[in-house]
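Anchor point for the sequence shown: position 314 equals 314 in UniProt numbering, and the numbering is continuous, going up by one each time.
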Amino acid sequence: MAEQRSGSEAPEAPAAPAAAPEASPAPEAAAATPAAQPTGLQPPEHWLEEHLSEDEADSTLGDNASSTASISSSILQYRTINGRTYHSDRGSNNYWGANDDQQNETLDIQHHVFTLLLGGKLHLAPLPEQVGKVLDLGTGTGLWAIDFGDQHPEADVIGTDLSPVQPAWVPPNVHFEIDDFTQDWTFAEESFDYIHARWLVGSVPDWDALMQQAYKTLKPGGWIEVFEFNGAFDSDDGSVTEKSAHGQWGYIFREGAKALGSKASFSVVKDELHKKAIEAAGFVKIQENHVKIPTSGWPKDPVLKEVGQFTRAALENDTEGTVGFMAVQLGWSKAEVAVYAAHMRKEIRNPAIHAYYAGCTVWAQKPLAG
């Protein structure tokens, strides 16, 4: 974690170019209500009892589904929950975010946030001028892969994801594949020069296995870079309380994952899961950079204030689509998710709440042959 601060002092701006901060059934269905309420998690009725003004009780629910031409119908068999589409449940990956237009707009905003935190750069690893072959795991809407391909026209950039939500018009050196990185990889060993991953929180059941596959797929001397986050909010001055909407966010994701039977963690940075896995795989020259991402424009630092303003835009754009899948696993109704989301937006707009979430980039090199 980054150095802790007291009071409402904003986290320090990353040194330029600084810290790396980017991150899922056919018929509609809802999970059964759990028999007992997990410790710390407030029941959905709690949010119905909390007061909201008429303006605060707004809803940003949307039901626009994404589609991509020339993709087989089996790939487009998304799960539908509360009118929102999510990644198909084929395979073992249960990614928690919606994959429709509204949620994809949120991912695009987050891409801008993470680029701001890098001082306008797309990576921290010391890559050569001629990069070669690049893999972007969990590419989402593909903006990182597209931007990297624009900056490196000599590179061959492949982005993989569970859903075909990427644009059709991309640089000629960029293409996308539908793939589940939690399964055995089909790429040839020692075939990539750089592997990038961002915003995989809550979707990796085994970080050691993932980094071992990355190690085998990288050429000797190639680089791995992983930017990850905690799926919970915190504050340094006590303005985020356990029973607040910010404070309950992490409980919803953690307990929802348990109800789903998922082994994926939402405390990747806190438990240093990606760093430990990179070390265990055999990478060398390991570097890391910790950041705090404010959820609104409360920091005094101008860079972090801008980061917070865009983070607020991302969170407000689709609160329901972000938290809805896990809340449904806990038995929440569509209306209960909407009311909780309204409380979350109310807190985001409160300048007295100095919330943030933690992020950390780890980059390392595969040893040279011999």
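Virtual Cβ for every residue (Gly too), placed ideally from N, Cα, C.
As the structure is a prediction and not an experimental result, all values here were calculated from the model.
When the options are compared against residue i, the one with the closest alpha-carbon
i, options, result
"V246", "R254, D234, E255, A188", "The sequence shown places His at residue 246, rather than the Val named in the question. Cα-wise, what sits closest to H246 is D234."
"N289", "L304, G159, L117", "L117"
"D179", "L135, L218, G202", "L135"
"I353", "E177, N173, L143, D237", "D237"
"I286", "V362, K346, L124", "V362"
"R198", "Q110, R349, K300", "Q110"
"E189", "P205, T217, L162", "T217"
"V323", "P43, G231, E272, K263", "G231"
"L330", "D271, V284, I252, A355", "I252"
"R254", "G120, G202, T182, T241", "G202"
"P44", "G120, T115, A338", "A338"
Residues sharing a beta bridge with residue i, DSSP
i, result
"F181", "Answer is none; F181 lacks a bridge partner."
"N230", "S267"
"F176", "G159"
"K285", "DSSP, once it has assigned bridges, lists no residue as partnering K285."
"E225", "H196, W363"
Where residue i sits in the DSSP three-state scheme
i, result
"G142", "coil"
"L368", "coil"
"E189", "coil"
"D156", "strand"
"P220", "strand"
"G359", "strand"
"H246", "helix"
"I293", "strand"
"L330", "coil"
"R349", "coil"
"F310", "helix"
"K263", "coil"
"L137", "strand"
"E129", "coil"
"H196", "strand"
"V204", "coil"
"H354", "coil"
"G256", "helix"
"E50", "coil"
"S59", "Here S59 scores only 43 on pLDDT, less than 50, and its place in the model should not be relied on; the value that follows carries that caveat. Three-state DSSP puts S59 in coil, outside helix and strand."
"S72", "The pLDDT assigned to S72 is 35, lower than 50, so where the model puts this residue is not dependable, and the model offers no usable value."
"K275", "helix"
"Q110", "helix"
"M168", "The question names Met, but residue 168 is Ala in the sequence shown. Coil."
"G91", "For G91, the predicted structure reports a pLDDT of 45, less than 50, and the residue's modelled location is therefore unreliable. A value from the coordinates is still provided. Coil."
"S24", "With a pLDDT of 37 at S24, under the threshold of 50, the modelled position of that residue is not reliable, and the figure given next carries that caveat. Coil at S24, not helix or strand."
"Q103", "helix"
"H123", "coil"
"A65", "Confidence in A65 is poor, its pLDDT being 32 and thus under 50, which makes the residue's placement too unreliable to answer from."
"G40", "coil"
"T241", "coil"
"K305", "helix"
"L117", "helix"
"D147", "helix"
Cβ pair residue i, residue j closer than 7 Å
i, j, result
"L48", "P220", "no"
"T295", "V113", "no"
"V268", "G359", "no"
"F176", "Y357", "no"
"K366", "G132", "no"
"D101", "L122", "no"
"H152", "W207", "no"
"A145", "V157", "yes"
"A297", "L200", "Before going on, a small fix: residue 297 reads as Gly here, not Ala. No."
"A264", "P205", "yes"
"I293", "L315", "no"
"Q130", "E154", "yes"
"G142", "G159", "yes"
"A364", "I224", "yes"
"Q248", "Q42", "yes"
* Spell out a yes or no on whether the stretch 273-287 and the stretch 198-213 are touching, meaning 3 or more CB-CB pairs, one atom from each, closer than 8 Å. => yes
* To do: Take every Cβ of the stretch 176-194, pair it with every Cβ of the stretch 332-350, and state whether three or more of those distances are shorter than 8 Å.
  => no
* Asked: Is there contact here, the stretch 244-260 with the stretch 164-178, by at least three beta-carbon pairs under 8 Å?
  -> no
* To do: Taking 8 Å as the threshold, find out whether the stretch 336-345 comes into contact with the stretch 102-113 through three or more Cβ pairs.
  => A contact between stretches requires three or more CB pairs, one per stretch, nearer than 8 Å, and the stretch 336-345 fails this requirement with the stretch 102-113.
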